[in-house]
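Here the sequence shown is numbered in the working numbering, starting from 6 and rising by one per residue. Built from N, CA and C at the ideal position, the CB exists for glycine as well. Source: prediction; values computed, not measured. Taking it in order: structure first as structure tokens, then the write-up.
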Amino acid sequence: MPSDIDSLFDGWLDLAPREAVLVLFSVENTAQAIRLAARAEREGHTITPVAAGSPDTSYMGRVNEALDRLERAGSRVTLVTLEHDLIEGLDELILACAGRTCPVSVSRVTGCRPEPFDGWALPSRGIVAKTNRDLARRLNALPEVDLETAGGARLRVSRPPAGDGWRSSPDDVLPPGGVFAVDPVLDGVFVADGAITVNRPIAFDVRLAASPATLVVKDSRVVDLDCPDPRVAKLLSRALAFGDCGVAGSVEVNANHGAGPFVPDNGLINRRRPGFLLSLGHRPRIGTPRHSAGLHIDLASAFGRVLTDDWVFDTRMSTR
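Structure follows, in structure tokens:
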């Protein structure tokens, strides 16, 4: 059976011969970074490892120095991240890579505890692309759909006239995502019984199965909130008071068959479970209208169904 590193190389990384690989890793994932470097070196790639200790951002200087050197050499570069937790400053670093003269592609691997895809059966890029493409095509043929979960969610998603519709998530973050709608019109009830993810350090267990958060949404704004966990309730209540953080900027449908369980730590991997993802205060791309909050919160449901007049899509199974 191939290792997680082999699955990453064979199924997702598209490396040109002798392409330079810059491995940015959380210190907790040193062993995995060593295995990744060894596999890359066997295939003739130049390796530059850089350790990142959160919340320390000094790693950014080391990454930029390495990129400067590779840029002068005229190298094509792939930046691979092995992220145990959210790495402070990483989003800004990736944005800066786009302005370099040397081509820099990025593959982020999130939730490495202890392995990159611990508990997951990582599908191939082709399978994920086909599933997302077929689902987006069906959803874009409809003016609205309903999202329903066993936990009590019933959320109507309508595309605004100027909206871009449903699109596949970028495939540079692993495990892979599903399809999402940016700046949709949302009305109904969303029950987050999976996990909460925040772009800030938090110290408590982020899983919500024992204490789901229920949000009432009207015209894409959260108007009511209930959660029996006082820590989550306090965090959400304070966030919603910021105004723009009370706006649902996107909703995502994930159908990752073979996904591992929700994890207790604050990290992007909880966003990839089968089910729905409601993003608050989130600005998925530059130019998105209506809102832009510095605090981003993602609320995940555990499984769910997309309902239309003609068909049902179960995030655990397939279109019926």
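- When DSSP states are grouped into helix, strand and coil, Asp11 belongs to the helix group.
- Following the DSSP letters along the chain, one finds Pro235 inside the alpha helix (DSSP H) bounded by residues 235-245.
- The beta-bridge partner set that DSSP reports for Leu29 consists of Val55, Thr86.
- Remark: C-beta atoms of Val237 and Ile274 do not approach each other more closely than 8 Å.
- For Val184, the enclosing beta strand (DSSP E) covers residues 184-187.
- If you check the CB distance, Val162 and Pro189 come in under 8 Å.
- Annotated three-state conformation of Ala307 is coil, per DSSP.
- In this chain, the alpha helix (DSSP H) harbouring Asp139 covers 130-145.
- When the alpha-carbon of Leu213 is set against those of Asp231, Lys223, Val221, Pro206, the nearest one is in Asp231.
- With contact defined as three or more Cβ pairs closer than 8 Å, the region 279-288 and the region 97-117 are not in contact.
- Between Phe185 and Ser242, the C-beta gap is not smaller than 8 Å, which leaves the two residues out of contact.
- Leaving aside the five residues that flank Asp11 on each side, the residues in its chain whose CB is nearer than 8 Å to its CB run, in chain order, Arg44.
- The beta-bridge partner set that DSSP reports for Phe195 consists of Leu220.
- When secondary structure is reduced to three states using DSSP, Ala38 falls in the helix class.
- The DSSP-derived three-state label of Leu91 is coil.
- Here Ala200 carries a strand assignment [DSSP, helix/strand/coil].
- Boundaries of the alpha helix (DSSP H) around Glu76: 64-77.
- The straight-line gap separating the alpha-carbon atoms of Arg321 and Val26 is approximately 35 Å.
- Judged by DSSP secondary structure, Glu153 falls within the beta strand (DSSP E) whose first and last residues are 149-153.
- DSSP places Leu213 in the coil class of the three-state scheme, outside both helix and strand.
- Cβ atoms of Leu41 and Val85 come within 8 Å of each other, at about 7 Å.
- Judged by DSSP secondary structure, Thr115 falls within the beta strand (DSSP E) whose first and last residues are 109-115.
- In the three-state reduction of the DSSP assignment, Gly254 falls in the strand class, which pools E and B.
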